[in-house]
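The structure appears right after this line, and notes come after that.
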Amino acid sequence: LLVDKGNFRHFMAKEIYEQPEVISHTLANYIDMATETVRLPEDLPFDFSQLKRITICACGTAYYAGLVGKYWMEKYARLPVDIDVASEFRYREVPLEEGGLAIFISQSGETADTLASLRYCDSQGQHILSIVNVRESTIARESGTVFPTLAGPEIGVASTKAFTCQLTVLACLAIAAGRQRGILAESDERKLVHALVEVPRLATQALKLEPQIEDIARDLSRARDVLYLGRGLNYPLALEGALKLKEISYIHAEGYAAGELKHGPIALIDENVPVIVVSPSDSLFDKTISNMQEVAARGGNIILLTDEDGAQASGDQPQATLVLPKMFQFVQPLIYAIPVQLLAYHTAVFMGTDVDQPRNLAKSVTVE
Ligand code: G6P
């Protein structure tokens, strides 16, 4: 299979720009547009209404996708989720009740720790569901049920389009689970599916922020440390933003739950530490904005990712504001992922690092 960069300077940029299309393909695989419902395979060996809890396990960016999945499953299907990075999970000797469901998320389908965790869950009588991008992978082969992400080959070491496609599949799963468990009425399901169908269009809009993101990245590339803050569904995004930034620009970055700021990281804040706040104007906005004020009061430079209402409410405190379209809370992580990726990308380009093949990292980690 020959994949080239087309008109892009790096695979990563090309893959970021492919997102509206590949999310669309992934959605088409799981959504019945005529009825606006999520389509599950008929031979699914379990029923969400029978499950008491779910285990999710993955590494790196795929783990952060799983973390968003946990918030979704708990909120929209009222199903408790235990999630861990695979390298911890596999050695924890987790007690699991026979007949439970374990979900493994992996772009490559070859990550050694994820595979070992899968085998452990299999030995404990769990149903094994994997969300994988590479269909012919070991993880796919060893799973009872495979939910593919239709992202196409991902070449850049830092995962981008695979991440948003993993989110797409998890969103569909959460809706299906909510329906089977009697939590979501037909009209709720339609509303959520509607919101998902809008994602490719919103993603295209988010990509238009690129020139502004480039300006911000110029400043970021001069920083030694960067803090990323988010709350609720945006907390995993803060973690992912920090991971992306350190992976490809080698700038030290940390993602924090906004409410944890006062329990440590606030000690780092001064005019030299940019703080990127991911906070659309949702039900948690006021809380996160008060964290932002704590940063501003200490001279911190804030970069705010929000929507029009959020931009108005935050006044002139942020040094820069990226204004995204207003959208249903459910789909926010899918859209906010895009500026987060572009910020890391352009910072790395300014630093002159090898964006597609960052030092010391591998695309597929088959060692333990
Ligand atoms: C490596 C890659 C990451 C990826 C992680 C998990 O560290 O550099 O981009 O998120 O492995 O990989 P997987 O193929 O299991 O999603």
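Residues in the sequence shown are numbered consecutively from 241, following UniProt numbering. Ideal Cβ placement from N, Cα and C applies to all residues, glycine included. As the structure is a computational prediction, the values presented were derived from the model and not from experiment.
Determine the extent of the beta strand (DSSP E) in which residue i is found, giving its start and end residues.
i: T385; result: T385 to P388
i: S370; result: H367 to V372
i: Y468; result: D465 to G470
i: G540; result: Premise fails: G540 is in no beta strand (DSSP E) and is neither H nor E.
i: C405; result: That residue, C405, is in no beta strand (DSSP E); its alpha helix (DSSP H) goes K401 to Q420.
i: S346; result: L341 to S346
Less than 8 Å between CB atoms is the rule here; does residue i satisfy it with respect to chain D?
i: L544; result: Absent from the structure is chain D; it holds one protein chain and no more.
Which residue wins for smallest C-alpha separation from residue i, given the options the options?
i: G392; options: S554, I263 and L485; result: I263
i: K502; options: L483, D526, M532 and E480; result: M532
i: L564; options: G592, Q552 and G418; result: Q552
i: Y490; options: R441, R430, L601 and P388; result: L601
i: G418; options: A398, Q290, A493 and K486; result: Q290
i: P520; options: K484, K486, K566 and Q559; result: K566
i: D324; options: V518, E333, I271 and Y316; result: E333
i: T561; options: G550, F568, P285 and L467; result: G550
i: G306; options: V605, C405 and E608; result: C405
i: A588; options: T528, S530, E511 and K486; result: K486
i: L524; options: Q572, E480, G384 and P505; result: Q572
i: Y468; options: I453, R421, G349 and H492; result: H492
i: P388; options: L267, G246, D547 and G540; result: L267
i: F570; options: G555, M313 and K245; result: M313
i: L544; options: T385, T593, I578 and P558; result: P558
May I ask you to list the residues that DSSP assigns as paired with residue i?
i: D547; result: L564
i: D322; result: T295
i: V278; result: I271
Between which two residues does the alpha helix (DSSP H) harbouring residue i extend?
i: E480; result: N474 to S489
i: I456; result: E450 to L460
i: E494; result: It is not in any alpha helix (DSSP H) - E494 instead sits in the beta strand (DSSP E) that spans H492 to A497.
i: I516; result: Segment P514 to V518 is the beta strand (DSSP E) holding I516; no alpha helix (DSSP H) there.
i: T606; result: T606 -> no alpha helix (DSSP H), and no H or E assigned at all.
i: V439; result: V439 to L447
Quick check on the burial criterion: 16 or more other C-beta atoms within 10 angstroms. Buried or exposed for residue i?
i: residue 611; result: Residue 611 is absent from the structure shown; the chain starts at 241 and stops at 608.
i: G339; result: exposed
i: H434; result: exposed
i: K310; result: buried
i: Y585; result: buried
i: V243; result: exposed
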